[in-house]
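Novice:
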Amino acid sequence: MMTAETGTYRWMAPELYSTVILRHGEKKHYNHTVDAYSFAIVLWELIHNKLPFEGMSHLQAANAAAFKNVRPSAESFPEDLALIVTSCWKEDPNDRPNFTQIIQMLLRYLSTILAPAPAVPQLIFKSENAVLPPESLGTILSKLKTAKIYYHN
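Taken in order, the sequence shown gives residues 1 to 153; the numbers are from the UniProt record's numbering.
1. Report buried or exposed for residue 33, applying the criterion of at least 16 other Cβ atoms within 10 angstroms of its Cβ.
2. Measuring CB atoms only, is the region 52-60 touching the region 82-95, in the sense that at least three cross pairs come out at less than 8 Å?
3. Within a Cβ cutoff of 6 Å, which residues of the same chain sit near residue 8, ignoring the five residues on either side of it in sequence?
4. Taking the beta carbon of residue 81 as the centre, do at least 16 other beta carbons fall within 10 Å, making it buried, or is it exposed?
5. Starting from the N-terminal side, write out each stretch of the alpha helix (DSSP H) that is 4 residues or longer and does not extend beyond the UniProt domain "Protein kinase" (1-110).
6. Label residue 110 either buried or exposed according to how many other C-beta atoms from any shown protein chain fall within 10 Å of its C-beta, with 16 as the threshold for buried.
This is how it looks when you write it as structure tokens:
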């Protein structure tokens, strides 16, 4: 559990902003959920190539996030990606996913957008080189260098 209040306002989780004055030696406690929030803000920034809370000062951005529950818009995101970022910046830190869950959501999302692997041409070996006997690695590599390989589509 962390106890320091440090960071940059635009990217800091709202629960880190406080109007409550702590007694001498008293510390505010928070956990990994603040990092999930910041991660989502950084991801939003990378995708949009814009500063989060653009047009606001750092203090205005902090006030909007902490006291008005304002977040950057995820409307232009694909639905699955919007779900990831909006779940990471939920108002209640206990409702935010942990990083294991975030990684699973990102991998699931990536699997829907990645192009299928290109088809590799089938290799056909001449019969004299089709099966290599169990030999030393050096012998096998030597035979592979001289093997006749033909590409077949």
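C-beta: ideal position from N, C-alpha, C; glycine also. Quantities reported herein were computed from a predicted structural model and do not represent experimental measurements.
Specialist: This is what the structure gives:
1. Indexing the sequence shown from 1 puts residue 33 at position 33. When all chains shown are included, residue 33 counts as buried.
2. no
3. Here residue 8 is taken as the residue at index 8 of the sequence shown, counted from 1. Nothing meets the Cβ criterion.
4. For the purposes of this step, residue 81 is identified with residue 81 of the sequence shown, where counting begins at 1. Answer is buried; the Cβ neighbour count reaches 16.
5. 33-48, 58-67, 79-88
6. Taking the sequence shown and counting its residues from 1, the one referred to as residue 110 is at position 110. Exposed.
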